[in-house]
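Asker: Numbered according to mature numbering (1 follows the signal peptide of the UniProt record, and there is no 0), the sequence shown spans residues -33 to -1, 1 to 455.
A virtual CB, placed ideally from N, CA and C, is assigned to each residue, including glycine.
Next up is a structure, given as structure tokens.
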Amino acid sequence: MSGLLSTRRGFCCRVSISLAFFLAAPAVLPVVAQQIQRHIETESLDLSPRFLGSDSCATSTCHGNVVGQGPLWNHSLSVYAANDPHATAGRILSREVSPLSESIVVLLDPNAKTSTEAYTQVLQKHCISCHGTVTPDQCDSSNPLKPSVLYEGVSCEACHGGASQWIDDHLNESWIGPSRFLAATGMRDTESIVGRAKNCVRCHVGSRSEDGLVRDMNHDLIAAGHPALRFDLLIYNENLPHHWSSDSEVEENFSASAIRLRKVSRATNLSAAAALSSARASDHLRDVSIPWPELSDYDCFACHQSLTMSRYDVPLMNQVKTMLRVSDGLPIWNTWHSTDQLNLRDSISYLEILSPHRSDPRKVASIGNRIAARYQKLASKIATEAAPDTKTELNRLLALLQKNELQDWHAAAVNLLTLDAIIRDLPDQQRTVLAADVAQLESMLRFDSGDRSSKPPKHSPGGFDPQEYRARVIDILTSRLNPATKAP
Ligand code: HEC
Ligand code: HEC
Ligand code: HEC
Ligand code: HEC
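Right, here's the structure in full:
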């Protein structure tokens, strides 16, 4: 939540963390070092049927050449190993590496404080589906957890698909074009905009039935201290150290339009979140011990004013409406994803079905799936259309702002993301003119100064004034660019 236009941690910080890990591993992290050693000695041959492990990509003639030598595909693995956040995603689950992981795990099961077995079982049940490259049986806590799962983290095959079926074929020169991503090959689409977006949201939004794994960032995990997930393909793709070359035709099309990329990403995110809601509802119908409604499907700020990770306060009911200006106290379903995409706020009957007070799991199971299908279709449609024109998009944004109020922080934040995408697509000169204005808009949205004494508190969007924000955007758009002069 802290940086809207950047991920939580800067990438530079990432690089130094990873380097520090490699340099300091044996001394500072004896357990992990032992695990790595054991993995190298005993586990390299103990392979699951689908995943072959990154060792099989690692030779210097394949993807493990020294960084900078040969074409990028030839040192993809080295780029990844040096500083990709996914390379350490498994290791950060161990308590020796991450105090945050330890505190999350212990809150989920107090026995994990003293029992390694209990700790490992929480990881299998709640964490490794997203932080590892695993099959469902590895998430079954009655099986032992292989150290290689934590060592490998989110490795090559988590994104590219289990290699058992394509490993041989992909050495042939004929292994090009989209047909290699057909379901039968087992290789996942990382190339197309929709394919890549769908690939990432499995973990970055969550999924319940995809490849049989439960990847669920529910309210229990968030309440235990895990960051809530807010994925954006444009930013997250940019923040990964690219282990692929950017001058291919595919990559050029991928990044030709920031507006298009973000639109596809938002539609895919909503689709994934809706599918997850639907699956949660179905799971509850099957097993009533699974909580319902699932609170993480709803607007956090409708119930919470404080959004620092260290402490969340639940406000008194009578403060909800005035402090937050959200839907008269009815938390909005999937608010971050649906803002500006689904007119839930105008459709009271829809809102009621999806609200936590009245939600009927049967109805949510079917509505969620319908919404998921609709937005997946929309994402595919946008991806094949020509890159949207910046002038048209600016005029549209301005016209919408002049016509409608911004209801809350979410609506304003999504508005800024939309503006940010348009600005990225502008010619350099115009972009430079707007840079300072956008920085100012972003600062209006920040609320995590950590100063809990100020009133209204700065660590919650309770003090955010959407109308002030809206007026500022309208002012910037009309004075700087004056796009409305040619608007119909
Ligand atoms: C639905 C997938 C998913 C599940 C389940 C999941 N995580 Fe994560 N986790 C993520 C993603 C994605 C990130 C990166 C968040 C971001 O920056 O957007 C992350 C980040 C983290 C971080 C780094 C946070 C920081 O600020 O440095 C820790 C620690 C962590 N997870 C621990 C856990 C533990 C422990 C569990 C199990 C109790 C768990 N995760 C379960 C997806 C998941
Ligand atoms: C977080 C997801 C993710 C992980 C993990 C990942 N990749 Fe990739 N990989 C991508 C994306 C996205 C692309 C770019 C699109 C494409 O070329 O398919 C890519 C591209 C590639 C390419 C094509 C390079 C080029 O220039 O043509 C190779 C080779 C590759 N990855 C190998 C690996 C190897 C080896 C690993 C493990 C060490 C790995 N990848 C891990 C997402 C991932
Ligand atoms: C198998 C699950 C999985 C998939 C698939 C996946 N990620 Fe991740 N990703 C994670 C986890 C877990 C973390 C947190 C790692 C950590 O903090 O150590 C993460 C972290 C990241 C981060 C760093 C976030 C931060 O706050 O610094 C970026 C950027 C990222 N992922 C981008 C992507 C992109 C782009 C894709 C799709 C091409 C993708 N991921 C696919 C699980 C996944
Ligand atoms: C319908 C109301 C409601 C919604 C919506 C809701 N929460 Fe909660 N939250 C609660 C209640 C009640 C508690 C205290 C009981 C518990 O821990 O489950 C709580 C507890 C928490 C805690 C732990 C607080 C502590 O002091 O231990 C965190 C963190 C949290 N919520 C974050 C979130 C986030 C982030 C979202 C949005 C994704 C969210 N909540 C959505 C009602 C809600």
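When you compare only the Cα positions, how much space is there between residue 75 and residue 188?
Answerer: Taking the straight line joining both Cα atoms gives about 8 Å.
Asker: I'd like to know whether the C-beta atoms of residue 433 and residue 373 end up nearer to each other than 8 Å.
Answerer: Contact flag set, yes.
Asker: Does residue 379 come within less than 8 Å of chain C when only Cβ atoms are used?
Answerer: The structure shown contains no chain C, having only a single protein chain.
Asker: Assuming the contact rule is C-beta atoms closer than 8 Å, residue 227 and residue 355 should be a hit. Round their C-beta distance to whole Å, please.
Answerer: Going by Cβ atoms, the distance from residue 227 to residue 355 rounds to 6 Å, so yes, they are a contact pair.
Asker: Can you name the start and end residues of the alpha helix (DSSP H) that residue 319 belongs to?
Answerer: Residues 315 to 321.
Asker: How about residue 189: is its Cβ closer than 7 Å to a heavy atom in ligand 4?
Answerer: Correct: residue 189 has its Cβ closer than 7 Å to ligand 4.
Asker: Excluding five sequence neighbours on each side, which residues of the same chain lie with their C-beta closer than 7 Å to the C-beta of residue 167?
Answerer: So the list reads 198, 200 and 203, once near-sequence residues are dropped.
Asker: Residues in the same chain with beta-carbon distance under 8 Å from residue 196, minus the five sequence neighbours each way, listed in chain order, please.
Answerer: Cβ within range, chain order: 171, 172, 173 and 184.
Asker: Tell me, to the nearest whole angstrom, how far the beta carbon of residue 300 is from that of residue 265; I am working on the premise that it is less than 8 Å.
Answerer: The pair is a contact, with the Cβ atoms about 6 Å apart (cut-off 8 Å).
Asker: Using the three-state DSSP reduction, which class does residue 54 fall into: helix, strand or coil?
Answerer: If DSSP states are grouped into helix, strand and coil, residue 54 belongs with the helices.
Asker: Do the CB positions of residue 98 and residue 120 come within less than 8 Å of each other?
Answerer: Against a cut-off of 8 Å, the Cβ pair of residue 120 and residue 98 comes out as a contact.
Asker: Taking 7 Å as the cut-off, is the CB of residue 125 close to at least one heavy atom of ligand 2?
Answerer: Yes, since a heavy atom of ligand 2 falls inside the 7 Å radius drawn around the Cβ of residue 125.
Asker: If you draw a straight line from the alpha carbon of residue 100 to that of residue 401, how long is it in whole angstroms?
Answerer: One C-alpha to the other measures close to 42 Å.
Asker: Would residue 40 and residue 53 qualify as a contact pair, given that the criterion is a beta-carbon distance under 8 Å?
Answerer: Result no, Cβ atoms of residue 40 and residue 53 do not sit closer than 8 Å.
Asker: I need the straight-line Cα distance from residue 160 to residue 103, nearest angstrom please.
Answerer: Looking at the two C-alpha atoms, the distance is approximately 28 Å.
Asker: What does the alpha-carbon distance come out to for the pair residue 318 and residue 447?
Answerer: Whole-angstrom Cα-Cα distance: 38 Å.
Asker: For residue 328 versus residue 248, is the C-beta spacing smaller than 8 Å?
Answerer: Yes, the Cβ-Cβ distance between residue 328 and residue 248 is below 8 Å.
Asker: Okay, do the region 322 to 340 and the region 248 to 263 touch, 3+ Cβ pairs below 8 Å being the bar?
Answerer: Taking 8 Å as the limit for Cβ pairs, the verdict is that the region 248 to 263 does touch the region 322 to 340.
Asker: Classify residue 193 as buried or exposed, calling it buried when 16 or more other Cβ atoms lie within 10 Å of its own Cβ.
Answerer: Looking at its Cβ environment, which holds 16 or more other Cβ atoms inside 10 Å, residue 193 is buried.
Asker: Less than 7 Å separating the Cβ of residue 60 from some heavy atom of ligand 1?
Answerer: Checking every heavy atom of ligand 1 against the Cβ of residue 60, one is found closer than 7 Å.
Asker: Given a cut-off of 8 Å on the beta-carbon distance, is the pair residue 106 and residue 91 in contact?
Answerer: Yes, they are a contact pair.
Asker: Does the beta-carbon of residue 239 have 16 or more other beta-carbons within 10 angstroms, so that it is buried, or is it exposed?
Answerer: Buried, by the Cβ-count rule.
Asker: With a 10 Å radius around its C-beta and 16 neighbouring C-beta atoms as the bar for buried, classify residue 428 as buried or exposed.
Answerer: So residue 428 counts as buried.
Asker: Measuring CA to CA, which of 55, 332 and 212 is closest to residue 37?
Answerer: For the residues 55, 332 and 212, the minimum Cα distance to residue 37 belongs to 212.
Asker: When you compare only the Cα positions, how much space is there between residue 320 and residue 311?
Answerer: Going from the Cα of residue 320 to the Cα of residue 311 covers about 11 Å.
Asker: Is it buried or exposed for residue 353, if we count other Cβ within 10 angstroms and need 16 for buried?
Answerer: It is exposed - the Cβ of residue 353 has fewer than 16 other Cβ atoms within 10 Å.
Asker: So, is residue 348 buried or exposed, given that buried needs 16 or more other C-beta atoms within 10 angstroms?
Answerer: Classification for residue 348: exposed.
Asker: May I ask which residues mark the beginning and end of the alpha helix (DSSP H) holding residue 164?
Answerer: Per DSSP, residue 164 belongs to the alpha helix (DSSP H) from 160 to 171.
Asker: Suppose contacts are defined by Cβ-Cβ distances below 8 Å. Is residue 162 in contact with residue 132 by that definition?
Answerer: Contact flag unset, no.
Asker: What is the residue span of the alpha helix (DSSP H) that residue 86 lies within?
Answerer: Where residue 86 is concerned, the enclosing alpha helix (DSSP H) stretches over 83 to 89.
Asker: Go through the region 334 to 377 residue by residue and report every complete run of the alpha helix (DSSP H) that reaches 4 residues or more, in order.
Answerer: Listed in chain order, they are 357 to 370.
Asker: Quick check: the Cα distance between residue -6 and residue 370, rounded to an integer number of angstroms?
Answerer: Note that residue -6 scores a pLDDT of 32, beneath 50, so its modelled location is shaky; the value from the coordinates is reported in the next line. Those two C-alpha atoms are separated by around 58 Å.
Asker: Cβ-heavy atom distance between residue 298 and ligand 4 below 7 Å?
Answerer: Yes, the beta carbon of residue 298 sits closer than 7 Å to at least one heavy atom of ligand 4.
Asker: If we ignore side chains and look at the alpha-carbon of each, how far apart do residue 366 and residue 440 end up?
Answerer: Between residue 366 and residue 440, the C-alpha separation is close to 12 Å.
Asker: Looking only at its chain, what residues have a beta carbon closer than 6 Å to the beta carbon of residue 350, apart from the 5 residues adjacent to it on each side?
Answerer: Cβ within range, chain order: 160, 161 and 231.
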